[in-house]
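Engineer:
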Ligand code: PLP
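This is the structure we're talking about:
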């Protein structure tokens, strides 16, 4: 029985063995050892339900969407638009047209920078980014700043990894056009007070681009409750396919924005002299979209919804607390980001041992962790390190896997002693 089936029939406690049975890759061995996958923050593994949904579409209902009059095209279009509706419900957007399909979080942020940013920002305008941001929510603003003469300023954080709210308040004293903010740090797991920060930004007359790429898989993201102007996430981090992501934008904002890419699917009428464009969201979806990937994303959303985002968060909180407790006992281990508002990620270094050595050695024990700057170099600079080791937890991880991580780190210590 699959986990979703189990939950549909009775209210069983969160049973990871049932969940794990849904993820074929988790039963494989790596380097002769059972795989311990602790790199879901980079990309989550896929349940059979997602893999099957894509295969079913290709085997039974695949054609290009929107343009066809034939049955298959209409069917594929229905599946594609059903996926949009599933996303709308999942993030509680008011309308389907506020959901734009993009390739991933990165593309969504670039779309906003290139379309909204170019239309609304001019020389000397200020953009605030937090020190916690992933490069995806920094570099598009740097590119725009260089082109337009904008000023990008950083919201500082405390040593525990949390936003310095007083400093943020002071930064908002002078006019700000945009706040680019992560809802959850991919390198530390720290959860920012996004709702409050969005309220403050709005009081100061600024728009907010919320990066929910990490937050999306660890708890409910409600765009109306948050009142963010834009929000992005990537399908592959929430057990869905790669190549699909979502840009949410408030309808009145999206409607005011010009297209950022031109081509088929997004036009109303083209003559040799000029083009006019469809309404939202199609205006922002030039070319053939990621059809099967959207269908896979819907299956992923159905999957986590059946499990319950709250129960997933509880399970991950248990793993996180256990990991913090167990890692604290390892000699010479420094953890980064101790603020209590944290989820699913532990980031640390072992004294005198390069994170890449740690990553390579634990890999030989079958434990997959991420080492490096996690596309958050300004954050690494803030902690004066070049890199950290990051273990990230997902709904399929177990307490035994936390033990395996700790045992593999003890092996690293032994080899370096
Ligand atoms: N934002 C955050 C917080 C992330 O963790 C990531 C990916 O690691 C991204 C943005 C970019 O996501 P993608 O590479 O799927 O576009």
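Residue numbers (this note's numbering): 1227 to 1643. Beta carbons: idealized from backbone N, C-alpha and C, even for Gly.
Is the distance from the Cβ of residue 1414 to the Cβ of residue 1354 below 8 Å?
Structural biologist: Contact: no.
Engineer: Quick check on the DSSP output: what are the complete beta strand (DSSP E) runs of length 3 or more inside the stretch 1499 to 1529, in order along the chain?
Structural biologist: Qualifying beta strand (DSSP E) stretches, in chain order: 1501 to 1503.
Engineer: Does ligand 1 have a heavy atom nearer than 7 Å to the CB of residue 1265?
Structural biologist: Because no heavy atom of ligand 1 lies under 7 Å away, the Cβ of residue 1265 does not count as near it: no.
Engineer: Take residue 1309 as the anchor and find which of 1614, 1525, 1427 has the nearest alpha-carbon.
Structural biologist: Here the closest residue by C-alpha is 1525.
Engineer: Could you check what DSSP says for residue 1633 in three-state terms: helix, strand or coil?
Structural biologist: Correct three-state label for residue 1633: helix.
Engineer: Mind checking which residues open and close the alpha helix (DSSP H) that includes residue 1537?
Structural biologist: Element bounds for residue 1537: 1535 to 1553.
Engineer: Which residues does DSSP pair with residue 1576 in a beta bridge?
Structural biologist: DSSP lists 1559, 1579 as partners of residue 1576.
Engineer: How about residue 1270 and residue 1465: do their beta carbons lie closer than 8 Å?
Structural biologist: Result yes, Cβ atoms of residue 1270 and residue 1465 sit closer than 8 Å.
Engineer: CB residue 1408 to CB residue 1363, shorter than 8 Å?
Structural biologist: In contact: residue 1408 and residue 1363 (Cβ atoms closer than 8 Å).
Engineer: Pick from 1245, 1244, 1262, 1248: whose alpha carbon is nearest that of residue 1646?
Structural biologist: There is no way to answer for residue 1646, as the model of the chain reaches only from 1227 to 1643.
Engineer: Are the beta-carbon atoms belonging to residue 1424 and residue 1452 less than 8 Å from one another?
Structural biologist: A contact, by the Cβ cut-off of 8 Å.
Engineer: Taking the alpha-carbon of residue 1427 as reference, which of 1401, 1335, 1440 has the nearest alpha-carbon?
Structural biologist: Of 1401, 1335, 1440, the residue nearest in Cα terms is 1401.
Engineer: Beta-carbon within less than 7 Å of residue 1557's beta-carbon, same chain only, minus the 5 sequence neighbours each way: which residues are those?
Structural biologist: Around residue 1557: 1639.
Engineer: Within the present structure, is the beta-carbon of residue 1360 separated from the nearest heavy atom of ligand 1 by less than 7 Å?
Structural biologist: Within the cutoff, so yes.
Engineer: Residue 1460: beta carbon under 7 Å from a heavy atom of ligand 1?
Structural biologist: Residue 1460: yes, Cβ under 7 Å from ligand 1.
Engineer: Whole angstroms is fine: what's the gap from residue 1628's alpha carbon to residue 1591's?
Structural biologist: Their backbone Cα atoms lie some 13 Å apart in a straight line.
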